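Under this note's numbering, the first residue of the sequence shown is numbered 551, with each subsequent residue one higher.
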Amino acid sequence: MKEIVIATKNEHKVIEMKKMLEPIGYKVLTLYDFLELPEIIEDGETFKENAYKKAITLSKYLNKDVIADDSGLEVFALNNEPGVYSARYAGENVSYEDNNKLLLKNMENKTNRKARFVTTICLYRLDKDPIYFEDYLVGEIAKEYKGNNGFGYDPIFIVENFNKHLAEYSLEDKNLISHRGKCVQKLINYLKE
Ligand code: ITT
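Okay, structure coming up:
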């Protein structure tokens, strides 16, 4: 069985990505499977830079093929913020709730509430050039919270054309439409070729 490491400790991502990679014959390892890892500071200015940095650092350290993703939320009325700062929008070591609160506050007077989730994946295989995949989920920032599923900004993100908050989707349904789900699907199509 082919082994691949997904470069994340985010349990939600682990579940989402395993569910898609295992059926096509991959043994999926995560950062929880290794005792020692190099520290990687995600200080890139783009999702692509961060994904590449995570992937190359871990692949060289572990001597394994690695998939690294970087994702975030871009809000048009806020000059595409929080963007690469999505995890720490309200500061270091903050909760999803802290970030959501700050975002709703910053959106108080905005009429254009358009936003999109972005995922960039870097597939870094030993002795091969890195390959990138990117996808989006377009929608709007809500004015109130709804739904108990998912994570991060899901409760305040309304999916375009469906008028439903992302946190109201089951994991399976989210994977079908989400930035990361579609991006992993592109990666899988590539790996299947
Ligand atoms: P790793 O870097 O360990 O993978 P992370 O939680 O930092 O985990 P990202 O850098 O990819 O994940 O994402 C940054 C933030 O963007 C994340 O903390 C969420 O707040 C937000 N985000 C990303 N994907 C999301 C999703 O599907 N739904 C809601 N929020 C999401």
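Note that the Cβ used here is the ideal one computed from N, Cα and C, for glycine as well.
Remember, it's a predicted structure, so these values are computed and weren't measured experimentally.
Check each candidate in the options and name the one with the smallest Cα separation from residue i.
i	options	result
Phe626	Glu586, Gly702, Lys664, Ile706	Lys664
Phe584	Ile708, Ile556, Glu592, Ile574	Ile556
Glu722	Glu553, Thr558, Asn560, Lys568	Lys568
Phe683	Glu642, Gly731, Asn560	Gly731
Cys672	Ile574, His562, Leu608, Met551	Leu608
Tyr611	Met570, Arg675, Asn711, Glu647	Arg675
Gly702	Lys552, Asn613, His562	His562
Would you check whether the ligand ITT has a heavy atom nearer than 7 Å to the C-beta of residue i?
i	result
Ala605	no
Lys559	yes
Leu716	yes
Arg666	no
Phe701	yes
Leu741	no
Asn613	no
Lys563	yes
Asp723	no
Tyr686	no
Asn643	no
Alpha helix (DSSP H) containing residue i: first to last residue?
i	result
Phe667	Counting along the chain, Phe667 falls outside any alpha helix (DSSP H), though it belongs to the beta strand (DSSP E) covering 664-674.
Ile565	561-571
For residue i, collect the residues of the same chain with a Cβ closer than 6 Å to its Cβ; drop the 5 residues on either side in sequence, then sort them by chain order.
i	result
Ile708	Gly689, Glu690, Ala692, His715
Lys660	Ala627
Gly697	Pro705, His715, Ala717, Glu718
Asn549	No statement about residue 549 is possible, as the shown extent of the chain runs from 551 to 743 and does not include it.
Cutting at 7 Å between CB atoms, please list the residues of its own chain near residue i, excluding the five before and the five after it.
i	result
Tyr639	Pro632, Asn649, Leu652, Leu653
Assuming residue i is part of the beta strand (DSSP E), what are its boundary residues?
i	result
Gly622	616-625
Ile556	552-556
Tyr703	Counting along the chain, Tyr703 falls outside any beta strand (DSSP E), and DSSP gives it neither H nor E.
Ignore the nearest five residues each way along the sequence and tell me which others in residue i's own chain have a CB closer than 8 Å to its CB.
i	result
Ile738	Met570, Leu571, Ile574
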